[in-house]
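All remarks here apply to the structure that follows.
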Amino acid sequence: MIPPRLTSFLLAFAFLFSCATASTCFAAPPTSAASYGEAACEGSYKRHVQGICTNGKDAIYWSWTEALVKTDLQGHILKNVPAADHHGDLTYHDGKIYVAVNLGKFNLPAGKADSWVFVYDADSLAELSRHPVPEAVHGAGGMTWKDGHFFIVGGLPTDGKENYVYEYDDKFTFVRRHVLDSGYTLMGIQTVEYTNGTWWFGCYGKPPVLVRADENFKVTGKWEFNAAVGIIALPDGRFLIGENKVDKEKKNTARVRFARVDAEKGLVLESGK
């Protein structure tokens, strides 16, 4: 029979060991959709917002092309750091922010882009590492995380007939290129999100285009809807959509708005202008 004090010690040791070996311990639960609002990011910026993501708890991250900004859920700035041109759409995973970056040219034949993923600490926004992703030959513009892999989208030449999604493992080893039979979309794909077996892609255009695809990248819908500067899936099935505005001084501001799935229109905003 094990003495009671020794039993308590062994249980405590086992708990501490499990915390040390698990990916998270004492982590706050994911923020419910009710905690989010249609927040506006503080400040105005020289370049427009390229994408948004959250840490699932208490922060929204905004990629401003040449700046990376962290705010609380009400849009108050917590961190603001300069960034290399061109920082695109971004994603959060395991305490880090991953940003699709192109240091070259977009939407041209292979050889003109210089595609990377920049990695930042989600708390401090300190840069941690950079990973080349040369397979994104028309310029890396957006990314997300799904089932242990990263998925990157980007530019498209004017004679393009389809878009591409580039898949990497968690060490940024290239896995494969997926073909998205979307037809031509202006400058390719800007933003990407995956939720509940469905891919969503935000594209520029006049009008802007939203593309939906199934798990295997088969296109299942295409609509006029602007998700080209940010799309985040929420736990209740809704989305946060980024919206950029330009004022008379040509300064950019942005906010997030709620959208819900609609059988006929793909996504629809929940509130007015």
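With the first letter of the sequence shown counted as 1, position 140 gets the number 165 in this note's numbering; the numbers rise by one all the way through.
Glycine is no exception: its CB is placed at the ideal position from the N, C-alpha and C atoms.
Nearest-angstrom beta carbon gap, residue j and residue i [assumed within contact, 8 Å]
i       : j       : result
Ala-108 : Leu-128 : Their Cβ separation, rounded to whole angstroms, is 11 Å, which puts Ala-108 and Leu-128 out of contact at 8 Å.
Val-142 : Val-126 : 7 Å
Val-178 : Val-190 : 6 Å
Ser-207 : Val-254 : With 8 Å as the limit, Ser-207 and Val-254 do not qualify as a contact, their Cβ atoms being about 18 Å apart.
Leu-138 : His-111 : According to the sequence as given, residue 138 is Ala; it is not Leu. 10 Å between Cβ atoms; not a contact.
Met-168 : Val-217 : 7 Å
Gly-100 : Glu-67  : 6 Å
Ala-65  : Arg-263 : Not really, about 18 Å apart at Cβ, beyond 8 Å.
Contacting residues, own chain, Cβ-Cβ under 6 Å from residue i (five flanking each side not counted)
i       : result
Thr-210 : Cys-228, Val-234
Asn-80  : Tyr-117, Ala-147
Thr-278 : Ser-69, Lys-270
Phe-197 : His-156
Ala-282 : The residue you asked about is not Ala; residue 282 is Arg in the sequence shown. Glu-63, Ile-266, Glu-268, Leu-294.
Gly-246 : Arg-237, Gly-291
Glu-192 : His-174, Phe-176, Val-200, Arg-201
Leu-259 : Ala-58
Glu-152 : Tyr-145
Phe-242 : His-203, Leu-205
Trp-224 : Ala-238
Per-residue DSSP class, three states only, for residue i
i       : result
Phe-51  : Summary for Phe-51: the model assigns pLDDT 27, below 50, so the residue's position carries little reliability; its value from the coordinates is reported in the next sentence. Of the three classes helix, strand and coil, the one that applies to Phe-51 here is coil, per DSSP.
Ser-60  : helix
Pro-107 : strand
His-73  : coil
Arg-263 : coil
Thr-46  : Any reading at Thr-46 needs caution, since the residue's pLDDT is 32, under 50, leaving its predicted position unreliable; the model's value is listed next. Here Thr-46 sits in helix by DSSP.
Trp-89  : coil
Asp-114 : strand
His-203 : strand
Thr-198 : coil
Thr-278 : strand
Ala-165 : strand
Val-254 : coil
Pro-135 : The sequence shown places Ala at residue 135, rather than the Pro named in the question. Coil, per DSSP.
Leu-150 : coil
Gly-213 : strand
Cutoff 7 Å; reference residue i; Cβ partners in own chain excluding five residues on either side
i       : result
Lys-299 : Lying before the first or after the last residue shown, residue 299 is absent from the chain, which here runs from 26 to 298.
Pro-134 : Pro-182
Leu-103 : Ala-84, Lys-95, Thr-96, Asp-97
Ser-60  : Leu-98
Val-293 : Ala-284, Arg-285, Asp-287
Asp-15  : There is no way to answer for residue 15, as the model of the chain reaches only from 26 to 298.
Phe-51  : Interpretation of Phe-51 is limited by its pLDDT of 27, a score under 50 that renders its predicted location unreliable; no figure is taken from the coordinates.
Lys-186 : Gly-208, Tyr-209
Arg-72  : Trp-89, Thr-90, Glu-91, Asn-277
Per DSSP, the bridge partner or partners of residue i
i       : result
Gly-246 : Arg-237
Cys-294 : Inspection of the sequence shows that residue 294 is occupied by Leu rather than by Cys. DSSP output for Leu-294 lists Ala-284 as bridge partner(s).
His-174 : Lys-171
Phe-143 : Val-124, Arg-155
Lys-228 : The residue you asked about is not Lys; residue 228 is Cys in the sequence shown. Answer is Val-234, bridged to Cys-228.
Asn-188 : Leu-205
Glu-289 : Looking at the DSSP assignment, Glu-289 forms no beta bridge with any residue, so it has no partner.
Lys-270 : Thr-278
Glu-218 : Trp-225
Lys-301 : Outside the shown range of the chain, which is 26 to 298, sits residue 301, and nothing can be said about it.
Leu-98  : DSSP output for Leu-98 lists no bridge partner at all.
Leu-181 : The partner list for Leu-181 (beta bridge, DSSP) is empty, contrary to what the question assumes.
Residue i CB to nearest heavy atom of the ligand ATP below 7 Å
i      : result
Thr-90 : Only the bare structure without any ligand can be found here, which leaves the ligand ATP out of the picture.
Cut-off 8 Å between Cβ atoms - residues of its own chain near residue i, not counting five sequence neighbours on either side
i       : result
Pro-232 : Glu-249, Asn-251
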